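In order, the protein sequence lines correspond to chains A and B. Per this note's numbering, residue 806 is the first one in the first sequence, and the count goes up by one each step. Per this note's numbering, residue 806 is the first one in the second sequence, and the count goes up by one each step. Structure, as structure tokens:
2 protein chains.
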Amino acid sequence: MDWLDDVNFDERGLVPAIAQDAATGRVLMVAWMSREALASTVERGEAVYFSRSRGRLWKKGEESGHVQRVKAVRLDCDGDVILLAVEQAGGIACHTGRERCFFRRLAEGRWIDDEPVLKAPDAIYGARSGKPVP
Amino acid sequence: MDWLDDVNFDERGLVPAIAQDAATGRVLMVAWMSREALASTVERGEAVYFSRSRGRLWKKGEESGHVQRVKAVRLDCDGDVILLAVEQAGGIACHTGRERCFFRRLAEGRWIDDEPVLKAPDAIYGARSGKPVP
Chain A
806 MDWLDDVNFD ERGLVPAIAQ DAATGRVLMV AWMSREALAS TVERGEAVYF SRSRGRLWKK
866 GEESGHVQRV KAVRLDCDGD VILLAVEQAG GIACHTGRER CFFRRLAEGR WIDDEPVLKA
926 PDAIYGARSG KPVP
Chain B
806 MDWLDDVNFD ERGLVPAIAQ DAATGRVLMV AWMSREALAS TVERGEAVYF SRSRGRLWKK
866 GEESGHVQRV KAVRLDCDGD VILLAVEQAG GIACHTGRER CFFRRLAEGR WIDDEPVLKA
926 PDAIYGARSG KPVP
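Given below as structure tokens:
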């Protein structure tokens, strides 16, 4: 898989990957990919990231069902950032139950939450202890 | 500036910042910001990044003139990625002379350059040695 050799993974073996809604252009989230995560993403056609906190591959939606179907994969000029065009299952990318993770906007010196919670996290992940798996 | 305390800079003191075209929604580029870079971006209303290779603040367009006027600043749920909505001066964000850095798309196992060079780098930066300052 020669195309993987053009990706410049950092000293941890990771690159940031941006998930952008293929239809609306909204930037949904950013997560990290290892070489294996990127290869798996392309093979499956669904986003697979590397969870730094858990130290393992993390298939987006594995718990929430909020899978990201990948329509296009792009690489930047330095080869160290991936841009995915995705179809977001459920219309929810963020573990807070919002459409996307970028729901805070800076306004007059403070961060304002200006995007709604579409589904309560408990309804997505069940009411249980531990951090939800986005 | 309390709002800066909500940003989770990494062990190097940096966060990735995505520049998205405010009008078209196109993702133009990703660069890094230090606390000082982010503060300066908000104060000026124009994107200032931290150049890891040069180890200093880097005002986008300082050499090329391709300044980014910042229309909105967003923060993600983990507080470790910035999303800027920008007006891109000259319509060129990439040091290669393209609209954006994500000009390579994966197609059938290889990266295809599918976006045009709008202006030759020599015409942007002058014909000189050294790496152009995006």
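No residue lacks a Cβ here, since even glycine has one placed at the ideal position from N, Cα and C. A quick note: this is a predicted structure, and the numbers were derived from the prediction, not measured.
- Fewer than three Cβ pairs drawn from the region 910-930 of chain B and the region 850-867 of chain B lie within less than 8 angstroms of each other, which leaves the two stretches out of contact.
- DSSP places I917/A in the strand class (E or B) of the three-state scheme.
- Taking a cut-off of 8 angstroms on C-beta distances, the region 813-827 of chain B touches the region 887-906 of chain B, as three or more cross pairs fall below it.
- Residues of the same chain with a CB within less than 7 angstroms of the CB of A925/A, apart from the 5 flanking positions on each side, are G902 in chain order.
- In this structure I823/B is in contact with V886/B, their Cβ atoms being roughly 7 angstroms apart against a cut-off of 8 angstroms.
- Rounded to the nearest whole angstrom, the C-alpha separation of D881/A and G931/A is 38 angstroms.
- Residue R857/B holds the alpha-carbon nearest to the alpha-carbon of S839/B among D807/B, V832/B, L833/B and R857/B.
- Taking the Cα positions, V835/A is about 7 angstroms away from P821/A.
- Distance between V872/A and I897/A, taken at the CA atoms: about 9 angstroms.
- P926/A is not bridged by DSSP to any residue.
- If you draw a 10 Å sphere on the C-beta of G866/A, you find 16 or more other C-beta atoms in it, and that means buried.
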